[in-house]
Structure formats: C-alpha cells, structure tokens
Amino acid sequence: MSFEEEKELENKYVMHTFGRMPLELVRGDGMYVWDSTGKKYTDFLGGIAVCALGHCNKEVVKAIQDQAAKLMHVSNFFYIENRGEVAKQINDLLNSGASEDNQYTWQTFFGNSGAEANECALKLARMHAYKKKSGATKVVILDRSFHGRTIETLAATAQPEKQEAFQPMPGGFLTVPMNDMQALHDVFAQNKGQIVGMMVECIQGESGVHPCTAEFLQEAVKLTHQAGGVFICDEVQCGMFRTGKAFGFQNFGIVPDIVSMAKGIANGFPMGACAAKEEIAQDFGPGDHGSTFGGSNLAIAAAHATLSQLAKPELAQNVQEVGAYLRAQLEGIPAVHDVRGYGLIVGCDLEDGINAPDVVSKACEKGFILNATGPHTLRFIPPLICEKTNVDGLIQTLKEILA
Ligand SMILES: Cc1ncc(COP(=O)(O)O)c(C=O)c1O
17 MSFEEEKELE NKYVMHTFGR MPLELVRGDG MYVWDSTGKK YTDFLGGIAV CALGHCNKEV
77 VKAIQDQAAK LMHVSNFFYI ENRGEVAKQI NDLLNSGASE DNQYTWQTFF GNSGAEANEC
137 ALKLARMHAY KKKSGATKVV ILDRSFHGRT IETLAATAQP EKQEAFQPMP GGFLTVPMND
197 MQALHDVFAQ NKGQIVGMMV ECIQGESGVH PCTAEFLQEA VKLTHQAGGV FICDEVQCGM
257 FRTGKAFGFQ NFGIVPDIVS MAKGIANGFP MGACAAKEEI AQDFGPGDHG STFGGSNLAI
317 AAAHATLSQL AKPELAQNVQ EVGAYLRAQL EGIPAVHDVR GYGLIVGCDL EDGINAPDVV
377 SKACEKGFIL NATGPHTLRF IPPLICEKTN VDGLIQTLKE ILA
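Numbering-wise, the numbering used here puts 252 at position 236 of the sequence shown, and it's gapless, one number per residue.
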C-alpha cells in the first residue's frame, strides 16, 4: 500500500488524538529510522524517550522473538519465567547509589503504560492511608505536571487546558507551583490530617524539561512524611537512565516511597511498572489492583533484556557525557536560550518570533526527528546510545535552520 493510501486509511479510521508528521516510518536501527521512501532520519525523540537502547536493539528483538515462539500470555494467575528477576532488577536499580540505611526491599506491580503505573501509585497511596484509618484522601501535585491521560492521572495533571473538556475531574488534588517553598509549606499547613501523599516528576518532561531543585524536593519529602503521607516519584520520563542515573530522583538526594516508571523499561515493548517500599506495597492484597496484560510473558522478556543492558556503567557514562555535550553545543547557538536538563533529557527555548513546531518540520526535511513541547520550546530525548557525532549533525542542522 502506498503512503498516500495508508495516510487516507489512518485519517479515516484512526482517532485524531495525535497530530502526525507527514511521513511513514518503516524501519529502525540504533539512532536512526527510515521512512517508506528510504529516507534516513537521526532520531532525537526516540519514540518519546522510549527506545533507550536504540531502535531494534538486537538482544531485545531476540528476547521477544524467542518468547513469542515459546509462550506469549497466560494471565497473572500463574508464575512465569523472569517476572521475579525483572522485579529484582528494578529493586536493585532503585537502591543503586543509596547509603546503607536507605536500602529497601521494593515490590513492583506491572502494567502496560505510564498512566497505569501512576494509577497504581495513586491507588496504593490511598490504600495505605485507608489501612492506617487516617481518613486522609488528598494528593499534592506540582503545577504544569503531566501524569497521564486516564481520568485520574489527568486530574493529577495540573494543566487546566487539558482537563477543561472532561469535567467533572476526580477530586483530591492540591496544586503547588514548582520550587515555591512558601506554597509548599502553606499547602501542608492548610491541609493537616488530609494528605495521603505528594506526587512529582523531579524533572518535568512534557512541560518542556523543567527540573525541581534538590532543596524543594528534600523539603517536600520531609513535609510529606511529617504529614504521614507517601512520596511518589513519577519516573515515567526521567527514569531508566535518562539522566545518567537509574532514576531521576537519585540526582536530588531523596528516596521516595513509591516510584512509577514506563517508557524506556522495555525499549519499545509496552510496559509500565509501579514499585513501592515493601511495607507500603503490602497494603495491596489479591483483587485490590490488577491488569490482564500487565507483566505478561512478552513484556517481561523485553524488560529483562532491556534492563540488563541499561545497567551497564558505560551507558550511564555515555548519557552524562553526550548530554553535557548537547547542552554545551545548544548554548552556542545564538537563537537558543535557557538550555536545561540532566543527561539526555534536555530542553531549550527559542528566541521570540521563532516557532518551535516550524523548526521541527524543517529539521524533519533535513533528516532529523525533533520535538516541540510548546510554541517556543524544543525537547531532546534521544536513545541513550546517542553519540557526539549525532549531536554535531543536529547542531549543524539547527544552525542552518535558525540562521
Ligand atoms: C512523566 C510522565 N508520566 C506519565 C506519562 C504517561 O505515560 P503513558 O503515555 O505511557 O501513559 C508520561 C508520558 O509522556 C510522562 O511523561
């Protein structure tokens, strides 16, 4: 079928929830993807921070192929190979770099997406309060957060323009501006006995790559614990070595109680996961939460092959080095300002009058896949195997477009 015919079918029969680029991608390898005309693109979007090991990583492909031929799905009523191993890998990554008195046993629930991982986190926080008979129900969130598109995670997404059409939203969320210490103290002071927890992205991704400060996060954890609540880190975008550390929170000297993750966890195979410290995780019993597909054989095989490669120290080092190089090179472009981020989650703003979506379109014509999170903001979340030569190509292209 030609691209034109394919486009027509999609436009007619697929819901228009995404504005699509005018190309059909058919193949990928590492940092590159190819469209149906054979044109090659360097990918600085990486499936929205998903293909951490690059497109079609050989070990992940083999793990999925082998597993598909062996057993695809049996339901969560049975033990299966490698689910315990993957949960242990997550446990070890969550404990990595933590001091001895900050080592915990983490138990994981497996779902299929970031939103599901956050649904689990929010349900578990409420269950924890319920089991303690605290009577608390409210969750503190940050302004401009993004936690997903289900009704509950949309309610936790403090962006009124995204919520407007879907009223009534589930209640119970209290919004605080990021890095505003006074507002943080006020919300806890004004809602004594009512707070079950606080949920944050340590580095907001969808809002255009905005990091919290370490002081703000440390204070937030302290206040949450003083209130008897649990601290939840949404690591869906900034986790899985995106910052060069296993999880984003590890850059800020905090240890959360519940951590949600997805995207890079299985290198493109759908998986979300919510890990919690054992004492909290054990508040869930059979029937309290579930998923037909979550943690099924194929996803587990893909995650198993992904996590063992992500944990190699040379990859983390690459993320740090290439990320710092990318930020330094962006800073050298006159039309670019406010370069920010950690590792390979990088954002920047463009001079007034330059439209970021236009830059994305022009870059696409020149063979680079980029992403705009707003009218003046670009975000770079490439595969973590990105090399300095890829960055050089990107910077050259941006300079030509922005000249
Ligand atoms: C921080 C964060 N949380 C949650 C989500 C939702 O994940 P998903 O689209 O897999 O449901 C996203 C997606 O971009 C995200 O960036």
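No residue lacks a Cβ here, since even glycine has one placed at the ideal position from N, Cα and C.
Taking the Cβ atom as the reference point for each residue, do residue i and residue j lie within a distance shorter than 7 Å?
| i | j | result |
| --- | --- | --- |
| glycine 7 | glycine 390 | No answer is possible for residue 7: it lies beyond the span of the chain, which begins at 17 and ends at 419. |
| proline 186 | alanine 171 | yes |
| threonine 259 | glycine 363 | no |
| valine 192 | leucine 158 | yes |
| isoleucine 270 | isoleucine 248 | no |
| valine 246 | histidine 163 | no |
| glycine 46 | glycine 70 | yes |
| alanine 332 | leucine 109 | no |
| leucine 314 | methionine 88 | yes |
| valine 155 | phenylalanine 189 | yes |
| valine 375 | isoleucine 349 | no |
| glycine 244 | serine 150 | yes |
| methionine 287 | alanine 319 | yes |
| alanine 152 | glutamine 210 | yes |
| valine 30 | threonine 322 | no |
| aspartate 368 | histidine 353 | no |
| alanine 379 | threonine 393 | no |
| glycine 127 | serine 377 | no |
| cysteine 290 | phenylalanine 94 | no |
| glutamine 266 | glycine 113 | yes |
| asparagine 98 | isoleucine 316 | yes |
| glutamate 168 | glutamate 135 | yes |
In the DSSP output, which residue or residues are listed as bridge partners for residue i?
| i | result |
| --- | --- |
| arginine 395 | Gly363 and Asn387 |
| tyrosine 358 | Ile361 |
| asparagine 283 | Phe285 |
| leucine 427 | Absent from the model: residue 427. The displayed extent of the chain is 17 to 419, so no value can be given. |
| leucine 158 | Val192 |
| aspartate 51 | Leu41 |
| threonine 58 | Tyr48 and Phe384 |
| valine 352 | Leu366 |
| isoleucine 248 | Met215 and Ile274 |
| histidine 226 | Gln220 |
Does DSSP put residue i in a helix, a strand or coil?
| i | result |
| --- | --- |
| tyrosine 146 | helix |
| methionine 214 | strand |
| glycine 123 | Sequence check: residue 123 is glutamine here, not glycine. Residue state, collapsed to three classes: strand. |
| serine 276 | strand |
| histidine 89 | coil |
| leucine 400 | coil |
| cysteine 99 | According to the sequence as given, residue 99 is arginine; it is not cysteine. Helix, per DSSP. |
| lysine 293 | strand |
| histidine 305 | coil |
| histidine 320 | helix |
| histidine 32 | coil |
| histidine 241 | helix |
| histidine 71 | strand |
| serine 377 | helix |
| arginine 343 | helix |
| valine 66 | coil |
| aspartate 82 | helix |
| histidine 201 | helix |
| aspartate 408 | helix |
| proline 176 | helix |
| glutamine 234 | helix |
| asparagine 27 | helix |
| asparagine 371 | coil |
| cysteine 254 | coil |
| glutamine 298 | coil |
| phenylalanine 263 | coil |
| lysine 440 | This structure cannot settle anything about residue 440, because the visible part of the chain is limited to 17 through 419. |
| proline 184 | coil |
| alanine 434 | The structure shown does not extend to residue 434, since the chain is modelled only from 17 through 419, so no value can be given for it. |
| asparagine 128 | coil |
Does any residue of chain B bring its CB to less than 7 Å from the CB of residue i?
| i | result |
| --- | --- |
| alanine 243 | Reference to chain B is not applicable here, since this structure consists of a single protein chain. |
Checklist entry - Given 8 Å as the limit, is there contact between the region 118-131 and the region 271-279, that is, 3 or more CB pairs closer than that? => result yes
Next on the checklist: Measuring CB atoms only, is the region 381-397 touching the region 58-74, in the sense that at least three cross pairs come out at less than 8 Å?
Outcome noted: yes
Checklist entry - Within the chosen definition, does the region 227-241 reach the region 194-209 through at least 3 CB pairs nearer than 8 Å? => result yes
Next on the checklist: For the region 341-348 against the region 298-316, do three or more pairs of beta-carbon atoms, one drawn from each stretch, fall closer than 8 Å, so that the two count as touching?
Outcome noted: no
Checklist entry - Below 8 Å, can you find three or more Cβ-Cβ pairs linking the region 281-297 to the region 100-120? => result yes
Next on the checklist: Check whether the region 96-108 and the region 311-331 touch, using three or more Cβ-Cβ pairs below 8 Å as the test.
Outcome noted: yes
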